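*Asks:* The structure is given below, and queries will be raised subsequently.
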Amino acid sequence: MLRNRKKRLQKFFIIILLSALGTSLVLFSLNSKLDLFYSPSEMLAAEIKPGYRIKLGGMVEIGSIQREGTTIFFVVTDFEAKVPVSFEGVAPDLFKENSGVVALGYYSDGLFVAEQIFAKHDENYMPPELARQEPK
Amino acid sequence: MIGEIAHFLALASALGLILVLIFNAFFYSAGRHANQDILSYKLFHQSCLLIFISFGLYIYLAITDDFSISYIANHSNSQLPIFYKITSIWSAHEGSMFLWIVFLTLWSTLFIKSLSFQHQLKKGTMLMLTIIILGFLLFLLITSNPFERILPFGVLEGADINPVLQDPALAIHPPLLYLGYVGFVISFSFITAYLFHGDIHYPWEKDIKNWSLIAWIFLTVGITLGSWWAYYELGWGGYWFWDPVENVALMPWLAATAFMHSLFASSKSNILKTWTLFLGILIFALSLFGAFIVRSGIIDSVHSFANDPQRGLYLLGFSGFITLISLGIFAYRLPNMQSSKLIVTGSKESFLSMNNILMLTAIFSIFLGVTYPLILEFINGDKVSIGPPYYNTIFAPLILLTSIFIMISLEALWQRGMQARTLLIAVTPTFVISSLILYFIWYFVQIFSLLAYIGIYSGLLIIISYLLKGVISLKNKTYINKGSFVAHLGLGLLFFAVSMNSILSYQKNINLFLGEQQFINNSISEFKFLDLQNIKASNHDVVSAEIFIVHDGQPIFLNPEKRKYFARGQITSETAIHATVLKDTYLTIGDQLDDGSWTFSLQINYFIKWIWFSSALMVIGILMTIFKKKIL
């Protein structure tokens, strides 16, 4: 009985150890694969290292959209700070000026190079991260 | 008037279900009596019927454009074709929740009908189902009432369905997915009733096996259709994006797959019993968690419905409540459930349980990925999102291990260990052939990506081992489980196709004037902008471009469109896809520049077809298992 219990306890600790190991591995991998979300003023204050992928969210400034060939240039603003953004490709249907946008990409030397752009999904819906910072 | 009748019927149904509960609680101590059972079953079925009638009337209201109903006014329009008037019912929260409940009720009433009157678990299952249906029905009626009127006067014209959702896929993707999700309420309730009843020797597996397999099929087809829809709809991130809502559908799918496997083991050799019971409970718990994630609006996703804390709180509370009941009973019975048999190392079921553990690990990793941003934001206010890189890194090693175990378990026997030497001899050809193929792939494409190569290799291991086994059994006329054979080939093909797709596919952005043509690369030698037309459709304007492409010497005409819908003024893009066996030519039209030229986005997507095909194979495999003469 006692030996049985000891064995069980051993098993129990092995399982605990393994799951702790697994969880920490997962968390470690998670930390290096997070995309932090910033508003323009937060991003400028945070001094982002080049080559560090982040999400930038805000409003597309009125009159800032320019198209050159297949590249789109625009300015994301939170009505405090502004960040110029470039994006190569076809923007989502709901991408337009004075409307919410989230860009995923890299910031370096004053230009945010977006790999992907997400816009609102329909006229009423707004991503929570945008709704939070929209002026009331 | 009809609106009120439909509303009343739904309320009456809730009342009927409450009566079932009160009635049974009251007579519980009085002992079992046949008449009282007959009455409660009747009451249960009639209440279910009321829900169906109520939903039928609701469809009628949608078809006849009753815009005094707030929900219909917000999501439909008199100009819509009837088809979309009906599908608009489940295009947003209230209506889709209604549909969810209708399916919940449908499964419940069918399952209860299928059990014989003497069945010892019939009553317990019915009571559990009653609680669940009632909980969701009250949720619908209290927090998200689809019958709400606009008082005193309705509007003249509806606000229209969201144009992005005006798609035939809306008619099939949500219903099939919901059928899959809620189908597991049967295993959930039945297992809870079984545990509550306490007769642990009752062979419960046989009663719910086929029901679970059918629910699995619906879930698989529903997810695949959603993936296909997201693929051809621009801006939804492609066939799989690890979007939180895709993730919450994948979790029950993984749990259901693990459940299916251990159900076979458990019914065959009476082992893994507790494990199977736990999984059976887990699937529906995860479905409920999914419903909470999607409908509370706490995450940002393509699918999320408007933010409403009240709904989230109710759903979380109710889901937690019934999951706790079920798991509580499970924990209470656990000490009696210890199986006398031990799993033999090296037997088929040992590898099967290894894979179950791996699937549970996958579920846990996804769960962590979905909830981590919420936790982190709660702790220190950082807003983060977790994208594909995390999931790809987690899944690559899991998939490789799973594939190796599948390959070995193919050779292993039930309840018997095997010698390391026999095993080594059996799997060597597979390893050699797979490695050779992988080398050839590298030789031809000259692109290296560790994760993708792990995926390809995993896929190959499964495919080759099954094909070899198939050839051998054909030659020696030995037995092979055909359903399992086809389903696993599908899984291998899925790993292979997804990984190949990820390394081979590419995108080109093109800027052209009307009539101009361009050389893209050696494969696409000509890309010509032939024509641009403005067309008027019943409820939208269309700008349609005609593009001529020479792709690998093959001439292709593609017509990508942009649509502007009248009712909402919303613009949507329609992609044009030319599909061949190996690859899809996928074209979208972008915006017009100030100088009059247009932008296009051209994607060459490899092995997309194979992804759908592999999922079809898995479904066919399970269908073969269901319709096999000898079940169990």
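Those protein sequence lines, which keep their order, are chains A and B.
Heads up, the first sequence is in the numbering used here, so the first residue is 1 and it goes up one at a time.
Heads up, the second sequence is in the numbering used here, so the first residue is 1001 and it goes up one at a time.
Where is the CB? At the ideal position from N, CA and C, for every residue including glycine.
Only a predicted model underlies this, so the values are computations on that prediction, with no experimental measurement involved.
Thinking C-alpha only, which one of Gln1603/B, Ile1433/B, Phe1495/B, Tyr1453/B is nearest Gly1459/B?
*Replies:* Sequence index remark: in the second sequence, residue 1459/B carries index 459 (1-based). Cα-wise, what sits closest to Gly1459/B is Phe1495/B.
*Asks:* In chain B, which residues lie less than 7 Å from Thr70/A when you measure between Cβ atoms?
*Replies:* For the purposes of this step, residue 70/A is taken as the residue at position 70 of the first sequence. The contacting residues are Asn1509, Ile1510, Asn1511, Thr1599.
*Asks:* At the level of alpha carbons, what is the spacing between Lys136/A and Pro50/A?
*Replies:* By one-based count along the first sequence, residue 136/A stands at place 136. By one-based count along the first sequence, residue 50/A stands at place 50. Since pLDDT at Lys136/A reaches only 32, below the 50 mark, its modelled position is unreliable, and the value read off the structure follows with that caveat. The straight-line gap from Cα to Cα measures roughly 33 Å.
*Asks:* Taking 8 Å as the CB-CB limit, is Ile1464/B close to chain A?
*Replies:* Start at 1 with the first residue of the second sequence, and residue 1464/B comes out as number 464. Closer than 8 Å: no.
*Asks:* Measure the Cβ-Cβ separation of Gly1290/B and Ala1249/B and say whether it is below 8 Å.
*Replies:* If you number the second sequence from 1, residue 1290/B lands on position 290. If you number the second sequence from 1, residue 1249/B lands on position 249. Yes; because the gap between Cβ atoms is below 8 Å, this pair is in contact.
*Asks:* Who are the neighbours of Leu1593/B on chain A, taking C-beta pairs under 9 Å?
*Replies:* Counting from one through the second sequence, the residue named residue 1593/B turns up at place 593. Correct list: Arg67, Glu68, Gly69.
*Asks:* Which residues in chain B sit within 7 Å of Val162/A, going by Cβ to Cβ distance?
*Replies:* Chain A is shown only over 1 to 136; residue 162/A falls outside these bounds and no answer can be derived.
*Asks:* Looking at Ile1051/B and Ser1108/B, is the spacing between their C-beta atoms short of 8 Å?
*Replies:* Here residue 1108/B refers to the residue found at position 108 of the second sequence. Here residue 1051/B refers to the residue found at position 51 of the second sequence. Result no, Cβ atoms of Ser1108/B and Ile1051/B do not sit closer than 8 Å.
*Asks:* Compute the distance between the beta-carbons of Phe1284/B and Phe1188/B, then report whether it is under 8 Å.
*Replies:* Here residue 1284/B refers to the residue found at position 284 of the second sequence. Here residue 1188/B refers to the residue found at position 188 of the second sequence. Cβ distance < 8 Å, so Phe1284/B and Phe1188/B count as in contact.
*Asks:* Could you please give the first and the last residue of the uninterrupted alpha helix (DSSP H) stretch that includes Ile1018/B?
*Replies:* Working through the second sequence from its first residue, we reach residue 1018/B at position 18. First-last of the alpha helix (DSSP H) with Ile1018/B: 1002 to 1027.
*Asks:* If we ignore side chains and look at the alpha-carbon of each, how far apart do Ile1112/B and Ala1497/B end up?
*Replies:* Translated into positions along the second sequence, residue 1112/B becomes position 112. Translated into positions along the second sequence, residue 1497/B becomes position 497. Computed Cα separation, rounded: 41 Å.
*Asks:* At which residues does the beta strand (DSSP E) containing Arg1563/B begin and terminate?
*Replies:* Position 563 of the second sequence, counted from the start, is the residue given in the question as residue 1563/B. 1561 to 1565 is the span of the beta strand (DSSP E), which, as asked, contains Arg1563/B.
*Asks:* Looking at the secondary structure, which residues open and close the alpha helix (DSSP H) in which Lys1042/B lies?
*Replies:* In the second sequence, residue 1042/B corresponds to position 42, counting from 1. Start and end: 1034 to 1063.
*Asks:* Ignoring anything shorter than 3 residues or poking outside the segment 1439 to 1464 of chain B, list the beta strand (DSSP E) runs there in chain order.
*Replies:* Listed in chain order, nothing qualifies, since the segment 1439 to 1464 of chain B has no complete beta strand (DSSP E) run of 3 or more residues.
*Asks:* Listing by chain order, which chain B residues have their CB less than 8 Å from the CB of Gly22/A?
*Replies:* Reading the first sequence from its first residue, position 22 is the one you call residue 22/A. By Cβ distance, chain B contributes Thr1361.
*Asks:* Beta-carbon within less than 7 Å of Ala1062/B's beta-carbon, same chain only, minus the 5 sequence neighbours each way: which residues are those?
*Replies:* Counting from one through the second sequence, the residue named residue 1062/B turns up at place 62. Answer for Ala1062/B: Ile1072, Ser1076, Lys1085, Ile1086, Ser1088, Ile1089, listed in chain order.
*Asks:* Put His1201/B into one of helix, strand or coil per three-state DSSP.
*Replies:* Position 201 of the second sequence holds residue 1201/B. Correct three-state label for His1201/B: coil.
*Asks:* My understanding is that Ile1549/B touches Ile1524/B, with C-beta atoms under 8 Å, so please give their C-beta distance in whole angstroms.
*Replies:* Here residue 1549/B refers to the residue found at position 549 of the second sequence. Here residue 1524/B refers to the residue found at position 524 of the second sequence. About 6 Å; that satisfies the 8 Å criterion.
*Asks:* Say whether chain B places a C-beta atom closer than 8 Å to the C-beta of Lys6/A.
*Replies:* For the purposes of this step, residue 6/A is taken as residue 6 along the first sequence, with counting starting at 1. Cβ-Cβ to chain B under 8 Å: no for Lys6/A.
*Asks:* By how many angstroms is the C-alpha of Val1445/B removed from the C-alpha of Thr70/A?
*Replies:* For this step, residue 70/A is matched to residue 70 along the first sequence. For this step, residue 1445/B is matched to residue 445 along the second sequence. So the two alpha carbons sit approximately 28 Å from each other.
*Asks:* At 8 Å on the CB atoms, spell out the chain A contacts of Gln1443/B, in chain order.
*Replies:* Taking the second sequence and counting its residues from 1, one reaches residue 1443/B at position 443. Per the sequence shown, the amino acid found at residue 1443/B is Tyr instead of Gln. Ordered by position in chain A, no residue passes the 8 Å Cβ test against Tyr1443/B, which lies about 30 Å from the chain.
*Asks:* Please work out which residues of its chain come closer than 7 Å, Cβ to Cβ, to Ile1386/B, disregarding the five sequence neighbours upstream and downstream, and give them in chain order.
*Replies:* The residue you call residue 1386/B lines up with position 386 of the second sequence. Excluding sequence neighbours, Ile1386/B sits near Gly1369, Tyr1372, Pro1373.
*Asks:* Can you tell me the Cα-Cα spacing of Lys1123/B and Asn4/A, whole angstroms?
*Replies:* The sequence position of residue 1123/B within the second sequence is 123, counting from 1. The sequence position of residue 4/A within the first sequence is 4, counting from 1. Cα to Cα, the separation comes out at about 41 Å.
*Asks:* From which residue to which residue does the alpha helix (DSSP H) around Trp1253/B run?
*Replies:* Within the second sequence, the letter at position 253 stands for residue 1253/B. Where Trp1253/B is concerned, the enclosing alpha helix (DSSP H) stretches over 1244 to 1269.
*Asks:* Measuring only between beta-carbons, confirm whether Phe12/A sits less than 8 Å from chain B.
*Replies:* Your numbering for residue 12/A matches position 12 in the first sequence. Chain B contact via Cβ: absent.
*Asks:* Identify the residues that DSSP records as bridge partners of Leu1512/B: which are they?
*Replies:* For this step, residue 1512/B is matched to residue 512 along the second sequence. The partner list for Leu1512/B (beta bridge, DSSP) reads Trp1598/B.
*Asks:* Taking Asp1199/B as the reference, which of Gly1237/B, Leu1334/B, Asn1162/B, Trp1211/B has the closest Cα?
*Replies:* As a first step, residue 1199/B is located in the second sequence; it is residue number 199 there, counting from the start. Looking at the Cα atoms, Leu1334/B is the closest of the given residues.
*Asks:* Using a threshold of 8 Å, state whether the C-beta atoms of Gly1483/B and Thr1625/B are closer than that.
*Replies:* The count along the second sequence starts at 1 and reaches residue 1483/B at position 483. The count along the second sequence starts at 1 and reaches residue 1625/B at position 625. Yes, the Cβ-Cβ distance between Gly1483/B and Thr1625/B is below 8 Å.
*Asks:* Taking the alpha carbon of Leu1074/B as the point to measure from, which residue in Ile1150/B, Gly1154/B, Ala1159/B, Phe1139/B has its own alpha carbon closest?
*Replies:* Within the second sequence, the letter at position 74 stands for residue 1074/B. In the sequence as presented, Leu is not what sits at residue 1074/B; that position holds Asn. Answer by Cα proximity: Ala1159/B.
*Asks:* Considering only residues of the same chain and omitting the five flanking positions on each side of Lys1592/B, which have a CB-CB separation below 6 Å?
*Replies:* Numbered from its first residue, the second sequence carries residue 1592/B at position 592. One point to set straight first is that residue 1592/B is Gln, not Lys, in the sequence displayed. Closer than 6 Å at the Cβ level, and outside the excluded window around Gln1592/B, lie Trp1598.
*Asks:* Would Pro1174/B and Thr1572/B qualify as a contact pair, given that the criterion is a beta-carbon distance under 8 Å?
*Replies:* Stepping through the second sequence from its first residue, residue 1174/B is reached at position 174. Stepping through the second sequence from its first residue, residue 1572/B is reached at position 572. No, they are not a contact pair.
*Asks:* Helix, strand or coil for Ile15/A, going by three-state DSSP, please let me know.
*Replies:* Taking the first sequence and counting its residues from 1, the one referred to as residue 15/A is at position 15. Reduced to three states, the DSSP call for Ile15/A is helix.
*Asks:* To the nearest angstrom, report how far apart Glu123/A and Gly1237/B are at their CA atoms.
*Replies:* Residue 123/A sits at position 123 when you count from the first residue of the first sequence. Residue 1237/B sits at position 237 when you count from the first residue of the second sequence. Residue confidence is low: Glu123/A scores 46 on pLDDT, short of 50, so the model does not pin down where it sits. Its coordinate-derived value is still stated next. Spanning the two alpha carbons is a distance of roughly 19 Å.
*Asks:* For Tyr1479/B, which of helix, strand or coil comes out of DSSP?
*Replies:* For the purposes of this step, residue 1479/B is identified with residue 479 of the second sequence, where counting begins at 1. Looking at Tyr1479/B - three-state DSSP - the assignment turns out to be coil, as it is neither helix nor strand.
*Asks:* Would you tell me roughly how many angstroms separate the C-alpha atoms of Pro1555/B and Leu34/A, rounded to the nearest one?
*Replies:* As a position in the second sequence, residue 1555/B is number 555, starting the count at 1. As a position in the first sequence, residue 34/A is number 34, starting the count at 1. Distance between the alpha carbons of Pro1555/B and Leu34/A: 43 Å.
*Asks:* Please report the residue range of the alpha helix (DSSP H) in which Tyr107/A lies.
*Replies:* Start at 1 with the first residue of the first sequence, and residue 107/A comes out as number 107. Unbroken run through Tyr107/A is the beta strand (DSSP E), 100 to 108; no alpha helix (DSSP H).
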